[in-house]
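Accompanying notes for the structure given below.
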Amino acid sequence: IDRIRYIVSSYLRCRLKKIEKFTAQVLEEEANRKDDDPSRLSPEEFAFAREYSSNLEGHIQHLALRHMPQNLQALNNKQTAPRPNLDKYVFLRVNVATDGVLVEEETLDTGEEIVDLEKGDQHIMRYKPMMSLVNSGAVSLI
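See below:
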C-alpha cells in the first residue's frame, strides 16, 4: 500500500509541477474548450491553476511591476509565459486502429513518414503529430 501511495503522490506532484510551469497555457486551453469536450483537469486542479496564476500575478505586481513606468506595467501572459514543447517524444497506446497517420512531414532530407496504428500497439512518437488522436481518444498517453 505504501508503494501505491508513493506512486500516486509522485504522479500528482508531477501534474501540479506541470500546471505551475504552464499555467497560462492550461487556463487558455480550458477557456477555449467547448462545453461538450471533456476537461483535462479535475475541478481541484483547475481551481489550483486559477489561484496559482492569480497569486503569481499579484506577487509580480507587488514585487516589480509597480516600480516600473506605467507603459511597462502590463503583464502579457501570451507573450511571456512558457509553452510546452510539443515535439517531445511520448509513450502512447493505440485504442482505435488508425491508418495513414502522418508522423513526419516531408523535408529536403527525407520524405514524409506515414504509419498505420493497430489497436493495442504501443509506440514512442513525437506528441505534435499525435495530438489530435490523443484529443479524440484514439490513442492514450502512458
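Numbered per the numbering used here, the sequence shown finishes at 525, counting up by one with no gaps.
Backbone N, C-alpha and C define an ideal beta-carbon position, used for all residues, glycine too.
| Check | Outcome |
| --- | --- |
| Provide the residue span of the alpha helix (DSSP H) that contains Met508, from first to last. | Counting along the chain, Met508 falls outside any alpha helix (DSSP H), though it belongs to the beta strand (DSSP E) covering Gln505 to Arg509. |
| Can Arg466 and Gln505 be called in contact, C-beta distance under 9 angstroms? | no |
| In terms of residue numbering, what span does the alpha helix (DSSP H) encompassing Leu410 cover? | Thr406 to Asn415 |
| Can you grab the Cα-Cα spacing for the pair Glu428 / Arg449, in whole Å? | 30 angstroms |
| Count the other CB atoms within 10 Å of the CB of Ala432; is the residue buried (16 or more) or exposed (fewer)? | buried |
| Considering Ser437, what are the terminal residues of the alpha helix (DSSP H) in which it resides? | Pro426 to Leu446 |
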